[in-house]
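For reference, the structure discussed in these notes is given below.
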Amino acid sequence: MDELTGKALILGMSAIGAGLAMIAGIGPGVGQGFAAGKATEAVGNNREHGGKPATLVMLLGAAVAETSGIFSLVVAIVMLFANPLVTREGAFIVLGASALGAGLAMIAGMGPAIGQGYAAGKAAEAVGKRPKLQSSVVRTMLLGQAVAQTTGIYALIIALILLFVNVWA
Amino acid sequence: MEQIDGKALILACSAIGAGLAMIAGIGPGIGQGYAAGKGAEAVGRQPEAQADVVRTMLLGAAVAETTGIYGLIVAIILLFANPLITRYMDLIGQ
Amino acid sequence: MEQIDGKALILACSAIGAGLAMIAGIGPGIGQGYAAGKGAEAVGRQPEAQADVVRTMLLGAAVAETTGIYGLIVAIILLFANPLITRYMDLIGQ
Amino acid sequence: MEQIDGKALILACSAIGAGLAMIAGIGPGIGQGYAAGKGAEAVGRQPEAQADVVRTMLLGAAVAETTGIYGLIVAIILLFANPLITRYMDLIGQ
Amino acid sequence: MEQIDGKALILACSAIGAGLAMIAGIGPGIGQGYAAGKGAEAVGRQPEAQADVVRTMLLGAAVAETTGIYGLIVAIILLFANPLITRYMDLIGQ
Amino acid sequence: MEQIDGKALILACSAIGAGLAMIAGIGPGIGQGYAAGKGAEAVGRQPEAQADVVRTMLLGAAVAETTGIYGLIVAIILLFANPLITRYMDLIGQ
Amino acid sequence: MEQIDGKALILACSAIGAGLAMIAGIGPGIGQGYAAGKGAEAVGRQPEAQADVVRTMLLGAAVAETTGIYGLIVAIILLFANPLITRYMDLIGQ
Amino acid sequence: MEQIDGKALILACSAIGAGLAMIAGIGPGIGQGYAAGKGAEAVGRQPEAQADVVRTMLLGAAVAETTGIYGLIVAIILLFANPLITRYMDLIGQ
Amino acid sequence: MEQIDGKALILACSAIGAGLAMIAGIGPGIGQGYAAGKGAEAVGRQPEAQADVVRTMLLGAAVAETTGIYGLIVAIILLFANPLITRYMDLIGQ
Amino acid sequence: MEQIDGKALILACSAIGAGLAMIAGIGPGIGQGYAAGKGAEAVGRQPEAQADVVRTMLLGAAVAETTGIYGLIVAIILLFANPLITRYMDLIGQ
Ligand code: NA
Ligand code: NA
Ligand code: NA
Ligand code: NA
Ligand code: NA
Ligand code: NA
Ligand code: NA
Ligand code: NA
Ligand code: NA
Ligand code: NA
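Listed in order, the protein sequences are those of chains C, X, W, A, Z, E, U, H, D and L. This note's numbering applies: residue 1281 is where the first sequence begins, and numbers increase by one. This note's numbering applies: residue 38 is where the second sequence begins, and numbers increase by one. This note's numbering applies: residue 38 is where the third sequence begins, and numbers increase by one. This note's numbering applies: residue 38 is where the fourth sequence begins, and numbers increase by one. This note's numbering applies: residue 38 is where the fifth sequence begins, and numbers increase by one. This note's numbering applies: residue 38 is where the sixth sequence begins, and numbers increase by one. This note's numbering applies: residue 38 is where the seventh sequence begins, and numbers increase by one. This note's numbering applies: residue 38 is where the eighth sequence begins, and numbers increase by one. This note's numbering applies: residue 38 is where the ninth sequence begins, and numbers increase by one. This note's numbering applies: residue 38 is where the tenth sequence begins, and numbers increase by one.
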């Protein structure tokens, strides 16, 4: 295989890696949908006082849950439009596999997003029932969501290393 | 004798990448369905709150749709505006 | 002797991509089924609200269907209007 | 000596694509089973509402079936009316 | 010297496609098990409604079985009536 | 020099197909376990209804087993009565 | 020079098939764990029904184990009594 | 020049098969964690039943462990007592 | 010219096997997190039972950790004490 | 002309293995998020127990983190201290 075909392999694997990274989008969909359902329930149960705070907490928690989807989209766009692997020195098979590995790693983001969405939903439910406790509920939600984010960050770091750092030079 | 060339490899992998990206759609489908179920339950319990319930359900579902749209956008980019093959054509100077 | 060429590779991977895209259908299936269950439960509890419950359930289920449709559309594009093979034919000047 | 040709590759990958498309069936199976469970529960609680409960359950389950049907249709297209191999035969002029 | 030919590739990938199609069975297994659990719960609470509960559970479970059957049918088609290899034999004129 | 031939490829992919088909077993395992949990709960609450609860649980679990059995059957067909290799031997006239 | 032959390919893919078959074990693990949790809950609520609860839990868990056992059996067949390699040796007359 | 031979292919795929088999461990992890949560809840509600609750939880968790152990056993067989490579050495007469 | 040899293939596939084995860690992560949530809930309801609740939660979580540890052990064996490459070196007499 | 050599294959598969290992992170993410939700709920119900609730939630979440860390460690080993490539260099005497 000549050098140009090697570059084609890297770009081809980048297409697959971009597709793999997008699979993380399952997470925000599930999580935010759960939050939506809980906020909907809260609006029905306590429309007068709890509906608006519950909806706002749902949106705040859902925004946190969106991050994994955004990370994956950014990694995919980098691979598609500003591919750093194709211009790097090195064995093309390693560079192509790095694109695949980066895409696979991003799938981890599914987990934090599902979990954070669940937290958003439970917080919306709690605030809908007792709007006065909004600040302590939201603080607990955000603390828990931050803890749940870590494995998504680990995955993002590994993906960025695979894409941008020549660890096997 | 015509063999597989780099252009074909990139476009073939783009088809697989587009298919993989659509798998993201599992999430919004589950989540929005959950919201739909909770909405139906809430409307049954408080029919007088129907407008507010449905509005909240749709707002939340719109938020839950985004990553499915991201997957669709990446698939469409791979299928119709493939920047990888453009890059390759640049690299091979065509 | 006839060998595998670039055209065949793209079309073959398009078959796999189309199959992968359909996997998105898992989501709406789960979500809409949840809505169906909650709808049945709500109708059992408040039969007088049946029309409102069912309308909300169907509205929510329609929203939950979209990503399954996206997957179907991408699969149909890959199967019937494959823009990747068109691009390839342009690039190799055929 | 006979080797693998493009036609065989497309048809072989179509078999894999058809299998992948069927995986969508996980969703309706889970969702409709949930609806069945909730329907059984509701009928146990309000036997007098049985007709309404079962009708809502079946309506919701029908909606949840669609993406499984989409997967089946794509698989059948790949197996019986494969447009990819037709396109390939056109392209190679056979 | 005998090598891999197109016929073998199509049949080999059909084995993988058949295996993939069976994965759809995850869905009905989960869903019907959920229905079984809810049915057992309902029978425990309202033993007098046992007939209605079980009938609804089985009706719902039958609906939830369909996509598992679709997967089985596609697998059986790939194993026993493989239309892809028939198409290939037509195309290569054997 | 002995090389890989078509027969070996079909049988090798049959091993993978058999393994894939068994993955369907995830579903009944989850679903029947759910039924077991709900059955244990119901027996704890209404010990006098134990016979009815257990009978409903087992009936529902039997229904939930089917897609796992389908996967097992497809795997056994691939392992012991492989119709794909039979078809291949017919096609190559051996 | 020694190369990969058909026997090696079949046995190599059997290793992968065996690994895939074990994935079925996810299901019983989840389901039986659910039953364990519900059993512990029920025993906490009605300690006097402990014997009945545990018996129902174990009966249901035994039912939920089967598809995990199926996967194990298929893996053991692939590893120790591989009928595919036997078939191959027959076909190539060794 | 040294090339890949059949022995290497079988041992390489055994590494992948061992990794795949471990994935079964997802199930017991989820299930036993569920049991842990329900056990903690039950102990909080009925501290006087702690011994019974914990015993039931551990009994159920032991049952839920089995398929994870099956996966581990298959992985260990593939890594340390690989019967596939033994079979291959017999077949090629070494 | 240096080519791929059997040793490299085994070690390369061991890297993939190690990565696959780690996927088991999904299970304990979900399960223990569930236990954490139930533990927090129980402590909120019965602060006086906090010691018992936390002890039960941690005991159950320790049980749920095992299959994640199994996966880690298999990965470490593949990475650091690879018995497959040792076997291969024995077989090829090096 | 650049060819694939053994070192490159091992490093390429190490990149894939590192990516696979990170997938374990799905579990802690889901589980800890569940704990976060239950913690928020408990704080909403018993604000006076907030300190105890949050402490239990964080303790449980720390336990749930471990398998995600294992995956990260395996990935880091594969990327930065690859023992497989070291072994290979030893074996080929470089
Ligand atoms: Na975390
Ligand atoms: Na979103
Ligand atoms: Na949607
Ligand atoms: Na649908
Ligand atoms: Na169905
Ligand atoms: Na069934
Ligand atoms: Na079973
Ligand atoms: Na078990
Ligand atoms: Na365990
Ligand atoms: Na852990």
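In this text, a Cβ means the ideal position worked out from N, Cα and C, and glycines have one as well.
Check, Outcome
"Extent of the continuous alpha helix (DSSP H) to which asparagine 119 of chain U belongs", "Taken as a continuous stretch (DSSP letters only), asparagine 119 of chain U belongs to no alpha helix (DSSP H), as it is neither H nor E."
"Residue range of the unbroken alpha helix (DSSP H) whose run includes arginine 1410 of chain C", "From DSSP, arginine 1410 of chain C is part of no alpha helix (DSSP H); its letter is neither H nor E."
"Residue environment, methionine 194 of chain L, which counts as buried when at least 16 other CB atoms sit within 10 Å", "Lying outside 38 to 131, the shown extent of chain L, residue 194 of chain L is not represented and no answer is given."
"DSSP three-state assignment for glutamate 78 of chain E, whether helix, strand or coil", "helix"
"Backbone CA spacing between leucine 119 of chain H and alanine 101 of chain H [nearest angstrom]", "Correcting the residue type first, residue 119 of chain H is asparagine in the shown sequence and not leucine. Distance between the alpha carbons of asparagine 119 of chain H and alanine 101 of chain H is about 27 Å."
"Cutoff 8 Å: glutamate 85 of chain Z Cβ touching any chain E Cβ", "no"
"Burial state of alanine 1377 of chain C, where buried means 16 or more other Cβ atoms lie within 10 Å", "buried"
"Distance, glycine 56 of chain W Cα to valine 111 of chain A Cα", "7 Å"
"Glutamine 69 of chain W: CB within 7 Å of a non-hydrogen atom of ligand 4", "yes"
"Span of the alpha helix (DSSP H), counted from its first residue to its last, around glycine 130 of chain Z", "That residue, glycine 130 of chain Z, is in no alpha helix (DSSP H); it is neither H nor E in DSSP."
"Cβ separation of alanine 61 of chain L and threonine 104 of chain L, assumed to be a contact under 8 Å, to the nearest whole Å", "5 Å"
"Cα-Cα separation between isoleucine 106 of chain Z and arginine 92 of chain W, rounded to whole angstroms", "30 Å"
"Any chain A beta carbon closer than 8 Å to isoleucine 53 of chain W", "yes"
"C-beta atoms of alanine 79 of chain D and glycine 97 of chain H nearer than 8 Å", "no"
"Nonlocal neighbours in the same chain, by C-beta distance under 6 Å from alanine 1334 of chain C, ignoring five residues either side", "Ala1319, Ala1322, Ala1404, Val1407, Gly1408"
"Heavy atom of ligand 6 within 7 Å of valine 90 of chain Z beta-carbon", "no"
"Contact set for glutamine 87 of chain L: own chain, Cβ-Cβ below 7 Å, skip 5 residues either direction", "Val80"
"Given 8 Å, three or more beta-carbon pairs between the segment 1341-1360 of chain C and the segment 1304-1313 of chain C", "yes"
"Top-ranked residue by Cα proximity to isoleucine 113 of chain A, from A/Ile47, A/Ala58, A/Asp42, A/Gln40", "A/Ala58"
"Ligand 2 site residues, beta-carbon cut 7 Å against heavy atoms", "C/Pro1308, C/Gly1309, C/Gln1312, C/Ala1342, C/Glu1346, C/Gly1349, X/Val100, X/Ala101, X/Glu102, X/Thr103, X/Thr104"
"heavy atom of ligand 9 below 7 Å from glycine 66 of chain H C-beta", "yes"
"Alanine 112 of chain L Cβ short of 7 Å to ligand 1 heavy atom set", "no"
"Any C-beta of chain X under 8 Å from that of proline 1411 of chain C", "no"
"Residue-level contact to chain D via CB, isoleucine 114 of chain H, 8 Å cutoff", "no"
"Pairwise C-alpha distance: glycine 1424 of chain C and glycine 64 of chain L", "15 Å"
"Nearest-angstrom Cα separation, counted from aspartate 89 of chain U out to lysine 75 of chain E", "13 Å"
"Tyrosine 71 of chain W: contacting residues in chain A (beta-carbon distance under 7 Å)", "Gly68, Tyr71"
"C-beta contact flag for glycine 70 of chain X and glycine 68 of chain W at 8 Å", "yes"
"Secondary structure of arginine 1368 of chain C, DSSP reduced to three states", "coil"
"Helix, strand or coil at glutamate 85 of chain L according to DSSP, with G and I counted as helix", "helix"
"Coarse secondary structure for alanine 1362 of chain C, derived from DSSP in three states", "coil"
"is_contact[alanine 88 of chain E, chain U] using C-beta, thresh 8 Å", "no"
"Assigned exposure category for glutamate 85 of chain E - 16 Cβ within 10 Å defines buried", "exposed"
"Cut-off 7 Å between Cβ atoms - residues of its own chain near phenylalanine 47 of chain H, not counting five sequence neighbours on either side", "Checking the sequence, you will find isoleucine at residue 47 of chain H rather than phenylalanine. Cβ within range, chain order: Leu121, Ile122, Tyr125."
"Inter-residue Cα distance where the pair is alanine 1385 of chain C and isoleucine 41 of chain L", "24 Å"
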